[in-house]
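The next block holds one structure in the form of structure tokens; read it before the comments.
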Amino acid sequence: MPADIRAGQAAVVFGASGGIGRALVSAIAGSGRFAAVHGGGRKAPEGLPDAVRPFRFDLTDEASIEAAMGAIEQPIGLAIVATGLLHDSEHRLSPEKSWRAIDGAAMARLFEINTIGPALIAKHVIPRLPKHGRAVFSALSARVGSIGDNRLGGWHSYRASKAALNMLLANFAIELGRTHPEVIVAGLHPGTVDTGLSEPFQRGVPPEKLFKPEKSAHCLLSVLDGLKPAQSGRIFAWDGQPIPW
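In structure tokens, the structure reads:
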């Protein structure tokens, strides 16, 4: 983490039970840059480093997000939303190959998790960001959420929910630019990471392009380290390359 993040601030990872989120919160805790590190999940995550303070939240329950933020004493220097939904076999939810497969309930569920949940988190994190000094609010997005980079189509609900998330991040950056000139808002594409989210779709991915969560987390934190306020509101891949909206 960069040296210009001030002492006395907290770092918060929403989604610390997942592969990428767990790796992120472990790496942040190991950096020693923050007075407190918090990691949250639908159940308070277990097995995190001793320095991490676990908490419970539910993306579909705004009161739980508000309560989690209320328990954090310090201003927030770094917040990462590492949640996301692509498929759910239990509820027969999977990426659509055609418009014919679009289902309203499934689409609503993806927007609830991938768009509305992060927006509610931002609603309760933003008031805790310092008005002076560097701070970062970030959320995991996806390259397939890019309208400008879309060449294949399909995956309608997931693409649309991530594209909507990207728009929200751009909106937050514009609004915060007026009141918090050194705060950076960024979307992050973590690459194809060996987690449960990507497992059904790993066939054909070259081994060198299938990342362990720890590698992806290291790359994403390095990207955040290098961002400047002028880049706020954009989406970046794991290698630091900007992704078009």
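Each residue of the sequence shown is one higher than the one before, starting from 1188 at the first, in this note's numbering.
Every residue, glycine too, gets a C-beta built ideally from N, C-alpha and C.
Keep in mind the model is a prediction, meaning the values are calculated, not measured.
Boundaries (first-last residue) of the beta strand (DSSP E) holding residue i
| i | result |
| --- | --- |
| Val1331 | Taken as a continuous stretch (DSSP letters only), Val1331 belongs to no beta strand (DSSP E), as it is neither H nor E. |
| Ile1361 | Segment His1343 to Thr1366 is the alpha helix (DSSP H) holding Ile1361; no beta strand (DSSP E) there. |
| Ala1223 | Ala1223 to Gly1228 |
Residue i vs residue j beta-carbon contact at 8 Å
| i | j | result |
| --- | --- | --- |
| Val1380 | Gly1206 | yes |
| Thr1366 | Lys1415 | no |
| Val1199 | Gly1208 | no |
| Ala1293 | Ser1344 | yes |
| Gly1228 | Ala1203 | yes |
| Thr1302 | Ser1348 | yes |
| Val1410 | Leu1375 | yes |
| Leu1280 | Leu1407 | no |
| Leu1352 | Gly1332 | yes |
| Pro1431 | Trp1342 | no |
| Arg1421 | Ala1373 | yes |
| Leu1235 | Ser1218 | no |
| His1225 | Ile1259 | yes |
| Phe1186 | Ala1309 | This structure cannot settle anything about residue 1186, because the visible part of the chain is limited to 1188 through 1432. |
| Arg1243 | Ala1223 | no |
Residue i - containing alpha helix (DSSP H), residue span
| i | result |
| --- | --- |
| Phe1298 | Gly1291 to Phe1298 |
| Arg1240 | Run containing Arg1240: none in the alpha helix (DSSP H); it sits in the beta strand (DSSP E), Val1239 to Arg1243. |
| His1311 | Gly1304 to Val1312 |
| Arg1209 | Gly1206 to Ser1218 |
| Ser1251 | Glu1249 to Gly1257 |
Selection from the options that minimises the alpha carbon distance to residue i
| i | options | result |
| --- | --- | --- |
| Glu1369 | Leu1280, Glu1260, Ala1210 and Ser1419 | Ser1419 |
| Asp1237 | Ile1215, Ser1409, Val1323 and Ala1306 | Ile1215 |
| Gly1378 | Arg1330, Lys1310 and Met1256 | Arg1330 |
| Ile1300 | Ala1288, Ala1326 and Asn1337 | Ala1326 |
| Ala1269 | Gly1195, Leu1246, Ser1281 and Met1256 | Leu1246 |
| Lys1230 | Ala1255, Ala1373 and Ser1213 | Ala1255 |
| Gly1320 | Lys1310, Ile1371, Glu1233 and Pro1429 | Ile1371 |
| Gln1428 | Asp1336, Ala1322 and Phe1298 | Asp1336 |
| Glu1253 | Arg1315, Met1354, Ala1223 and Ser1328 | Arg1315 |
| Phe1298 | Glu1277, Leu1273 and Ala1404 | Leu1273 |
| Ser1403 | Gly1257, Ala1424 and Ser1276 | Ala1424 |
| Trp1286 | Asp1426, Phe1398 and Arg1346 | Arg1346 |
| Phe1398 | Asp1426, Gly1304 and Pro1232 | Asp1426 |
| Asp1248 | Gly1304, Asp1412, His1405 and Glu1401 | Gly1304 |
| Asp1412 | His1278, Ile1361, Ser1328 and Ala1322 | Ala1322 |
| Asn1417 | Ile1361, Glu1401 and Glu1277 | Checking the sequence shown, residue 1417 turns out to be Ala, not Asn. When only C-alpha atoms are compared, the closest one is Ile1361. |
| Gly1257 | Gly1291, Ile1313, Asp1275 and Glu1233 | Ile1313 |
Residues that DSSP places opposite residue i in a beta bridge
| i | result |
| --- | --- |
| Ile1263 | Ala1197 |
| Ser1325 | Ile1267 and Ala1373 |
| Ala1424 | His1376 |
| Pro1429 | Phe1423 |
| Asp1275 | Leu1280 |
Whole-angstrom C-beta distance between residue j and residue i, which should lie under 8 Å
| i | j | result |
| --- | --- | --- |
| Phe1324 | Ala1266 | 5 Å |
| Pro1197 | Ile1289 | In the sequence on display, residue 1197 carries Ala and not Pro. Not a contact, Cβ separation roughly 41 Å. |
| Gln1261 | Gly1340 | Not really, about 45 Å apart at Cβ, beyond 8 Å. |
Heavy atom of the ligand COA within 7 Å of residue i beta-carbon
| i | result |
| --- | --- |
| Ala1288 | As presented, the structure is devoid of all ligands, the ligand COA included, so that no description of it is given. |
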